[in-house]
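In what follows, a structure is listed as structure tokens, so that the remarks can point back to it.
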Amino acid sequence: MCGIIGAISKNDVTNILLNGLSRLEYRGYDSCGIALSSSGLIKRARSMRRVTELREQVKNDNLFGSTGIAHTRWATHGIPSTNNAHPHFSDENKKNCIICVVHNGIIENYEELRNNLIDNGYLFRTQTDTEVIANLIHYFYKKNFLLAVKNAVSLLKGTYSIAVLCNNESNRIIAVKQGSPLLIGISENNKLLASDEIALLDITKKMICLEDGDLVDLGLDNISILDAKGRNVDRKEYYSTEHYINAVNLGKYTHYMQKEIFEQPRAVSDCLQDINTINSDIFYNYKKNNILDNVKNILIIACGTSYYAGLTAKYWLESIAKIHVSVEIASEYSYRDSVPNKNNLIIAISQSGETADTLHALRHAKSLGMLKTIAICNVKASSLVKECSLSYITKAGVEIGVASTKAFTTQLVSLFLLTLVLAKNNHIINKNQESIYLKYLRHLPLAINTVLCLEKQIISWANIFAVKENILFLGRGIHYPIALEGALKLKEISYIHAEAYSAGELKHGPLALITDKIPVIVIAPKDYLLEKLKSNMHEVRARGGMLYVFADSDSKIFESDGIHVIRMPEHYGVLSPILHTIPLQLLAYHTARIRGTDIDKPRNLAKSVTVE
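1 is the number of the first residue of the sequence shown in full-length UniProt numbering; add one for each residue after it.
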């Protein structure tokens with residue numbers, strides 16, 4: 001969602017900040033802005049358009065400075081507008097100083113704080129909770145910048161990260177992390193901070209991870225970090241391994257989403273790298289504490305696409321590992337009464353590892369005594385990985401398109417690996433079965449490549465769907481979550497209303513929607529439910545519905561009046577859901593391309609949802 005970058009240098013930092021904002025665009029935003037400090041003045045530029053337009057504005061206004069902060073905003077409090085865009089200033093009628101703030105997250109008690117500040121003579125010009133932070137720091141400022149920020153954040157409730165400038169404090173940024181991502185970057189000539197390391201990777205790969213409650217005093221020649229208890233601390237340095245430069249090169253592709261769809265054979269191969277046998281040690285930071293031994297119950301928590309990965313994994317875990325599984329939407333689980341089981345294994349799934357709802361659900365589960373936790377995540381340095389006992393890093397690589405593709409398929413591969421580990425630990429599968437499953441996994445990248453060759457056929461369907469406003473998806477069994485994911489992809493980027501149903505549910509209501517005007521997309525693998533699925537397809541045709549079927553090569557579903565078929569190259573057994581995901585991604589992509597939507601940055605959506 002929102003993105004932060006800050007920089008201090010002996011030289012002008014304008015390009016550092018603007019280039020960093022460009023790299024943060026993938027997260028989704030509706031406004032952007034920059035503030036630069038020079039000679040005791042802070043000047044800013046803000047835009048409702050893209051970072052390229054902001055860059056022109058900065059150039060035309062001749063803005064520069066050796067210290068600055070910048071931001072991409074995804075609106076929460078207050079409508080998207082230039083006035084509500086970050087950075088925000090404190091009340092400019094107060095003459096002793098100007099405080100300038102950028103902020104990710106939500107301040108839950110901002111209304112109470114705002115009213116108190118109004119009573120103390122402060123004027124507010126925006127609808128945002130961020131302006132409260134700027135005025136609150138100003139209220140506490142008595143020529144001690146660090147103390148003013150410290151006193152102000154002690155009153156804030158919520159999850160947030162902030163970066164603050166003061167016009168009286170040259171070459172200095174104060175920053176705070178509380179539940180929202182923030183890290184420091186170090187290079188020979190610059191001190192940097194950002195909410196995402198991607199913003200910094202062309203300058204430095206040397207980073208410092210911050211912990212919740214950290215208050216950072218960043219100067220040209222110093223970095224001082226106070227923890228939540230006010231103690232000076234040293235945080236661990238690390239070197240980023242994200243290959244961002246390769247990620248931003250579109251090559252022969254038109255959009256990042258298309259590129260990332262075609263990167264899936266590589267991503268799956270990387271996910272399986274060095275796995276020659278199935279054992280608990282394949283999970284990062286595995287501790288010899290038997291977390292993955294004798295697991296009898298599992299709770300999966302996730303949101304959006306990751307939730308559908310969890311639903312798919314439920315079928316694997318119950319059918320192969322014989323373990324009872326519950327799958328919860330993270331934002332719902334956190335706020336309802338549930339019956340905790342302290343022996344549950346908690347699986348938390350998130351591409352970014354910073355999804356606020358998933359983190360909150362994880363913390364809620366742990367507060368109920370469920371301490372056996374594992375993260376399935378694409379970012380090793382993320383909050384989710386830090387807060388779980390074990391993790392599997394999916395190695396999808398940087399995913400820039402908002403609609404997840406390669407992150408989803410690598411999540412599925414990771415969850416299948418976990419299924420095999422648990423089945424083996426519980427003595428459900430033997431060496432021979434393990435060998436067969438590993439053979440299927442190793443063949444998966446080649447199988448995905450074969451499915452990608454269906455692109456031209458899928459484009460012909462996309463031309464039909466691009467003029468529709470309603471589409472239904474059907475699946476059964478383990479392919480029902482894949483139908484849900486296919487519908488989500490289509491609605492995310494094409495803005496077509498799409499819904500997915502378990503095909504067996506048609507007669508319980510959705511058949512009322514069937515006409516020849518609403519295409520029905522069917523996932524039809526040759527599995528034990530195929531004959532029942534064919535009966536469901538007959539129900540649709542009997543009511544005039546038009547069927548578009550992704551059928552396995554030997555499923556004996558043929559083209560006829562009202563039935564269109566794209567034949568999958570092969571049936572892939574228990575890993576079939578991964579292969580059937582690919583054509584649905586391509587269908588969504590090409591339908592959106594024909595409709596002319598902003599595929600990589602769909603309206604109202606963000607890549608990493610860091611607020612509840």
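In this text, a Cβ means the ideal position worked out from N, Cα and C, and glycines have one as well.
Check, Outcome
"Boundaries (first-last residue) of the alpha helix (DSSP H) holding Cys303", "No alpha helix (DSSP H) holds Cys303; DSSP gives it neither H nor E."
"Separation of Asp281 from Gly475, as counted between CA atoms", "35 Å"
"Cβ-Cβ distance between Gly33 and Ala75 below 8 Å", "no"
"Opening and closing residue of the beta strand (DSSP E) in which Cys100 lies", "99 to 107"
"Buried/exposed call for Thr515, threshold 16 Cβ in 10 Å", "exposed"
"Distance between beta carbons of Ile346 and Thr373, contact taken as under 8 Å", "5 Å"
"Outcome for Arg231 when other beta-carbon atoms lying within 10 angstroms are tallied against a minimum of 16", "exposed"
"Short Cβ contact (8 Å threshold) for Ile493 with Ala403", "yes"
"Rounded straight-line distance, which links the Cα of Gly353 to that of Tyr160", "15 Å"
"Boundaries of the alpha helix (DSSP H) in which Ala134 is found, first to last residue", "130 to 140"
"Cβ contact (3+ pairs, closer than 8 Å) linking the region 497 to 510 and the region 325 to 338", "no"
"First and last residue of the uninterrupted beta strand (DSSP E) at Asn423", "Correcting the residue identity first, residue 423 is Ala in this sequence and not Asn. First-last for Ala423: 406 to 425, but that is the alpha helix (DSSP H), not the beta strand (DSSP E)."
"For Gly78 and Gln127, believed in contact at Cβ under 8 Å, the rounded distance", "3 Å"
"Residue from Asp61, Phe145, Ile99, Ile162 whose Cα sits closest to the Cα of Gly6", "Ile162"
"Uninterrupted alpha helix (DSSP H) stretches inside the region 176 to 204 (no shorter than 4 residues)", "none"
"Backbone secondary structure at Val379 - three-state DSSP", "coil"
"Complete runs of the beta strand (DSSP E) confined to the region 299 to 354 [at least 3 residues]", "324 to 329, 345 to 350"
"Span of the alpha helix (DSSP H), counted from its first residue to its last, around Cys271", "264 to 271"
"For Arg44, the three-state DSSP class (helix, strand or coil)", "strand"
"One or two residues paired with Ser37 in a DSSP bridge", "Ile42, Thr67"
"Span separating the alpha-carbon of Thr72 from that of Ser383", "21 Å"
"Leu415 vs Ile376 beta-carbon contact at 8 Å", "yes"
"Proximity of Thr358 and Ile301 at Cβ, strictly below 8 Å", "yes"
"Sub-8 Å separation of Leu146 and Asp227 beta-carbons", "no"
"Own chain residues within Cβ distance below 7 Å of Lys489, not counting five before or after", "Ala403, Leu584, Gln585, Ala588"
"Limits of the beta strand (DSSP E) - the one that Ile357 falls within", "A quick correction: the sequence has Asp, not Ile, at residue 357. It is not in any beta strand (DSSP E) - Asp357 instead sits in the alpha helix (DSSP H) that spans 356 to 367."
"Residue nearest to Glu211 in terms of C-alpha spacing, selected from Leu441, Tyr139, Asp234", "Asp234"
"Through-space distance from Glu131 to Ser90, alpha-carbon basis", "7 Å"
"Option in Arg541, His571, Asn536, Gly504 with minimal Cα separation from Lys526", "His571"
"Exposure of His255, with buried meaning 16 or more beta-carbon neighbours within 10 Å", "buried"
"Buried/exposed call for Arg363, threshold 16 Cβ in 10 Å", "exposed"
"Length of the line joining the Cα atoms of Leu117 and Ile594", "51 Å"
"Helix, strand or coil at Met546 according to DSSP, with G and I counted as helix", "strand"
"Helix, strand or coil at Phe465 according to DSSP, with G and I counted as helix", "helix"
"N-terminal and C-terminal residue of the beta strand (DSSP E) that Glu237 is part of", "237 to 239"
"C-alpha distance - Ser350 paired with Arg114, whole-angstrom precision", "34 Å"
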